[in-house]
Amino acid sequence: WLPSLAQTSIGLSAAESGHLVGQYWLGMFIGQILTVVVVVRLGAVKMSFIGALGCFMAAALLFTYPVSLVSPSMLALIWGVCNFGLLKCLISQATLAFNETPAGLIPSLLLAASLGTACSPLASSWMVEALGVAAGMMTGLVSLAAVLLLVVAAIAWRRDRNLSGIKQ
27 WLPSLAQTSI GLSAAESGHL VGQYWLGMFI GQILTVVVVV RLGAVKMSFI
77 GALGCFMAAA LLFTYPVSLV SPSMLALIWG VCNFGLLKCL ISQATLAFNE
127 TPAGLIPSLL LAASLGTACS PLASSWMVEA LGVAAGMMTG LVSLAAVLLL
177 VVAAIAWRRD RNLSGIKQ
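Written as structure tokens, this is what we have:
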């Protein structure tokens, strides 16, 4: 729905609107490369927390402040970088919950991520059509808040488990 929104709300041409999607994916690519560098220095757990917090804060800023502060193309690029490789960090963090990673864990997580990637554009388009852009943005904001809370809960759970000496 981003290209349609950009054409109707911002007044961009079809080509410029399509360019926004490309800029977002370029940002994701850049973000994933940066993630590798940062994860090597900080570790996946800290990067998951910082990434989830950063995504939530960026979404909150986008929701509360006008988009006109930055060019739409630059905004799409920045948003892509913000979303970086959070999925990869979360998968890495999920494997830390086990002393021995179950054989089906990573394929199951990748399948769930693929289903989400395939279904989320359709679901968000329906939501935006039915309830408006603000509802779509708010859903994203609430979803990112949930990811942030789950990351914090996973870190706390693993810390408690390690302190109590429980083996999986």
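Reading the sequence shown from the start, the letters are residues 27 to 194 in our numbering. C-beta atoms are modelled at their ideal positions from N, C-alpha and C, and glycine is treated no differently.
Taking DSSP as the reference, what is the three-state secondary structure of Gly48?
-> helix
Can you say whether Asn109 is buried or exposed, counting buried as having 16 or more other CB atoms within 10 angstroms of its CB?
-> buried
Where does the unbroken alpha helix (DSSP H) through Ala78 begin, and where does it stop?
-> 70-90
In three-state DSSP terms, what is Arg187?
-> helix
Is the region 102-118 touching the region 53-67 in the sense that three or more CB pairs, one from each, lie closer than 8 Å?
-> yes
Cα-Cα separation between Gln33 and Ala86, rounded to whole angstroms | 23 Å
Going by the CB atoms, is the gap between Gly80 and Gly111 shorter than 9 Å?
-> no
Environment of Ser43 [buried if 16+ CB atoms lie within 10 Å] | buried
Indicate the three-state DSSP secondary structure (helix, strand or coil) for Asn125 in the structure shown.
-> coil
Spatial distance of Asp186 from Pro98 (CA atoms) | 44 Å
Whose C-alpha, out of Lys72, Ala172, Pro128, is nearest the C-alpha of Cys115?
-> Lys72
With 16 other Cβ atoms within 10 Å as the buried cut-off, status of Val154 | buried
Could you name each continuous alpha helix (DSSP H) segment of 4 residues or more that falls completely within the region 111-172, going from the start of the chain to the end?
-> 112-121, 131-157
Compare the beta carbon distance of Ala180 and Ala138 with 9 Å and say whether it is the shorter of the two.
-> no
What distance in whole Å lies between the Cβ atoms of Phe82 and Ala171, which are believed to be in contact at a cut-off of 8 Å?
-> 6 Å
Expressed to the nearest angstrom, what Euclidean distance is found between the alpha-carbon atoms of Leu122 and Met100?
-> 36 Å
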